[in-house]
Every structure is written in structure tokens, then in C-alpha cells.
Amino acid sequence: RRVHGAFLTSFSGRKYTKMAIRPLFKQKKIHKRTKKFIRHQSDRYDKIKQNWRKPKGIDNRVRRRFKGQFLMPNIGYGTAKATKHVLPDGFKKFLVHNVKELEVLLMQNKQFAAEIAHSVSSKKRKTIVERARQLSIKVTNANARLRSEEDE
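Residue numbers (our numbering): 114 to 265.
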């Protein structure tokens with residue numbers, strides 16, 4: 114086989130496509146804040162971890178939103194609804210336990226990618242991945258629990 118762009122040519126000369134499954138449209142995700150919100154006085158004491166906790170004190174200057182203090186997380190930092198739960202490749206995840214659940218994605222294969230649940234056996238995974246290939250549905254963890262022929 115020789116590779117020519119998106120086409121694979123077999124030695125018999127026939128061309129067949131091996132294109133990656135792409136989403137219908139990929140919207141750029143805008144992050145309103147990339148830094149973590151850190152807990153008040155976590156920089157001052159080692160016993161106080163950086164994990165965010167809302168200050169509850171009556172005189173607390175962070176809670177009262179004084180200038181120059183740590184910012185508190187609020188709903189304004191939330192992700193846009195259009196790009197929420199979207200993977201970097203532009204798909205949304207859909208958890209699949211069997212082949213029947215995979216059929217749900219038949220009309221949504223440009224928007225959702227299947228993710229095989231961790232409890233699914235390697236034998237069932239092979240059938241799910243094969244059926245997904247027929248329906249042209251992207252599987253995010255298609256290579257999980259696959260053993261090569263030499264190992265068996």
C-alpha cells in the first residue's frame with residue numbers, strides 16, 4: 114500500500130479513502146479565566162491548601178470583594194453553552210455500553226463521539242469498534258484493551 118494524501122492505494126491499484134472522522138463544525142472554546150482560583154491565605158500558611166473554599170468570615174476582605182484581593186469564582190466565569198463538554202477535537206462524548214446504544218449515534222455521528230464504558234469486556238469492545246467503523250462513528254477509546262494477534 115502506498116499513501117497519496119487522504120487516499121490509500123492498494124497494490125492492486127484500487128483507491129479507497131481512509132479519512133479521519135471530523136465534526137460537523139468545530140467552534141473555538143473561549144476560556145474566560147485560565148488561572149485557578151486559590152484559597153484565601155493559602156499562600157501564607159502551609160496548612161491551608163490551595164484548593165478553593167469560599168470565605169465565610171464577617172470581616173473577610175476576599176468575600177467583600179476588596180480591590181487587590183483574590184478573585185472568587187462565580188457564574189460569570191462559566192463556559193459558553195455551545196462549547197460546554199466539547200472535546201478538543203470538536204466532538205461531545207457519549208458513553209456506550211453495548212452495540213444497541215451505539216446505534217443511537219447513527220444520525221448524530223458528526224456531533225457526538227462514542228466512548229466505550231470502562232466495564233465493557235475486550236471481546237464486546239471489538240464488536241462495538243467494528244460497528245462504529247461501519248456507521249462512521251468516532252470512538253475516543255477505540256484502542257483500549259486491545260491485544261495484538263501475537264499475544265493471544
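Where a beta carbon is used, it is the ideal one built from N, C-alpha and C, also for glycine.
field: Neighbour-count burial assignment, L219, 16 or more Cβ in a 10 Å radius
entry: The residue is exposed, with fewer than 16 neighbouring Cβ atoms inside 10 Å.
task: Rank T253, S155, I229, A257 by C-alpha distance to the C-alpha of K213 and give the top, closest one.
output: Looking at the Cα atoms, I229 is the closest of the given residues.
Identity of the residue in N254, A227, N187, F179 nearest R166 by Cα: Scanning N254, A227, N187, F179 for the CA closest to the CA of R166 turns up N187.
Alpha-carbon to alpha-carbon, H210 and R176: Rounded to whole angstroms, R176 to H210 spans 45 Å at the Cα level.
field: Cα-Cα separation, K160 to K141
entry: Rounded to the nearest angstrom, the two C-alpha atoms are 39 Å apart.
query: Taking Cβ to Cβ, would you say A226 is nearer than 7 Å to L215?
result: No, Cβ-Cβ distance for A226 and L215 is not below 7 Å.
task: From the DSSP output, in three-state form, read off I229 for me.
output: In this structure, I229 counts as strand in the three-state DSSP scheme.
message: Just to confirm the assignment, what range does the beta strand (DSSP E) spanning K206 have?
response: Taken as a continuous stretch (DSSP letters only), the beta strand (DSSP E) holding K206 covers 205-209.
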